[in-house]
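Student:
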Amino acid sequence: MALFATCINDLMFPSTPKAVVILLERLGCVVEFPMEQTCCGQMFTNTGYFNDGLDCVKTYVKAFEPYEYIVGPSGSCVGAIRHQSVMLAEKAGNAKLATKAAKCVEHSYDLTEFLVDVLGLTDVGAFFPHKVTYHPTCHSVRIAKVGDRPYQLLRGVRGLELVDLPDSDTCCGFGGTFSIKNPEVSAAMAADKARNVVSTGAEYVVTGDNACLMNIGGVLHRNNTGVKPIHLAEILAHQEGDAL
Numbered sequence: 000m001a002l003f004a005t006c007i008n009d010l011m012f013p014s015t016p017k018a019v020v021i022l023l024e025r026l027g028c029v030v031e032f033p034m035e036q037t038c039c040g041q042m043f044t045n046t047g048y049f050n051d052g053l054d055c056v057k058t059y060v061k062a063f064e065p066y067e068y069i070v071g072p073s074g075s076c077v078g079a080i081r082h083q084s085v086m087l088a089e090k091a092g093n094a095k096l097a098t099k100a101a102k103c104v105e106h107s108y109d110l111t112e113f114l115v116d117v118l119g120l121t122d123v124g125a126f127f128p129h130k131v132t133y134h135p136t137c138h139s140v141r142i143a144k145v146g147d148r149p150y151q152l153l154r155g156v157r158g159l160e161l162v163d164l165p166d167s168d169t170c171c172g173f174g175g176t177f178s179i180k181n182p183e184v185s186a187a188m189a190a191d192k193a194r195n196v197v198s199t200g201a202e203y204v205v206t207g208d209n210a211c212l213m214n215i216g217g218v219l220h221r222n223n224t225g226v227k228p229i230h231l232a233e234i235l236a237h238q239e240g241d242a243l
């Protein structure tokens, strides 16, 4: 199987893809990291730069076509691969690339989907004795459609206390270029989300997308709330005796 690290994780949150490797290897998987991989192209595509997005599709296909499973710790990026790759190839009139992209899409999984649906696990042997709340990111729910898999996995972690997040289905305000084009609205949404996180009394806020976690975590940090952001993969990779 291949790890699709995603560009934001590779550049800014390397601890997340490292945690994915630790977790999957512990579960008996052979994990490879194709060096050709880069961005999923979502930012280009969402802002209308289809030619640049198409280049990302070509790179994705080249990097991951040989693999039976492609696993990424980002519902947003996996969702983009599923919903934009074939579309971009078809709009460019590249039928061959569209066919190859469709095959890659069939084998592309968010980490939670791979653990629950492919490996058949909800208990991955993790230990995390802390109170946490989970934010279901918009793209993971609405585009990748990970459903309740993250909750199933969190409930299987020994020592973890999972508390409900008020208004969990509302956006954190990141939205990729939305936060750049609409900074005041984005900041207000992030403040609301952070306020709800703090109201739970949780020590950690967890998501499956580091872009959203960065947005929420920034507000939490600036307000000195003490609530720490953490990616789901890092909780699932954590075992008794491990240091955070």
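Residue numbering for the sequence shown follows numbering that gives the first Met the number 0, beginning at 0 and increasing consecutively. All C-beta atoms in this analysis are idealised placements derived from N, C-alpha and C, irrespective of residue type, glycine included. Note that this is a predicted model, so its numbers are computed, not measured.
Name the two residues that bound the continuous alpha helix (DSSP H) containing Y59.
Tutor: 49 to 63
Student: My parser needs the alpha helix (DSSP H) runs of 4 or more residues fully inside the region 164 to 210; what are they?
Tutor: 177 to 180, 182 to 198
Student: Helix, strand or coil: which one does DSSP assign to A18?
Tutor: In this structure, DSSP gives A18 a helical state, which the three-state scheme calls helix.
Student: Just tell me which of A94, G74, E35 has its CA closest to the CA of P65.
Tutor: E35
Student: Check the C-beta distance from A201 over to V162 and give it rounded, since I have them as a contact under 8 Å.
Tutor: 6 Å between Cβ atoms; contact.
Student: Between the region 11 to 26 and the region 231 to 240, can you find at least three pairs of beta-carbon atoms closer than 8 Å?
Tutor: yes
Student: Are the CB atoms of V123 and G71 within a distance shorter than 8 Å?
Tutor: Here G71 is not near V123, since their CB atoms are 8 Å or more apart.
Student: By the DSSP assignment, the beta strand (DSSP E) with P228 in it spans what residues?
Tutor: 227 to 230 is the span of the beta strand (DSSP E), which, as asked, contains P228.
Student: Helix, strand or coil for L87, going by three-state DSSP, please let me know.
Tutor: DSSP places L87 in helix when its eight states are reduced to three.
Student: Taking all protein chains shown into account, decide if S198 is buried (16 or more other Cβ within 10 angstroms of its Cβ) or exposed.
Tutor: exposed
Student: Taking only the alpha-carbon atoms, compute the straight-line gap between D109 and Q83 and give it to the nearest angstrom.
Tutor: 16 Å
Student: To which residues of the same chain is V196 closer than 7 Å at the C-beta, ignoring the five residues directly before and after it?
Tutor: T132, L164, V204, I215, L219, V226
Student: Is E67 near M11, with beta carbons less than 8 Å apart?
Tutor: no
Student: Could you check if T136 is buried or exposed, using at least 16 other CB atoms within 10 Å of its CB as the buried criterion?
Tutor: When all chains shown are included, T136 counts as buried.
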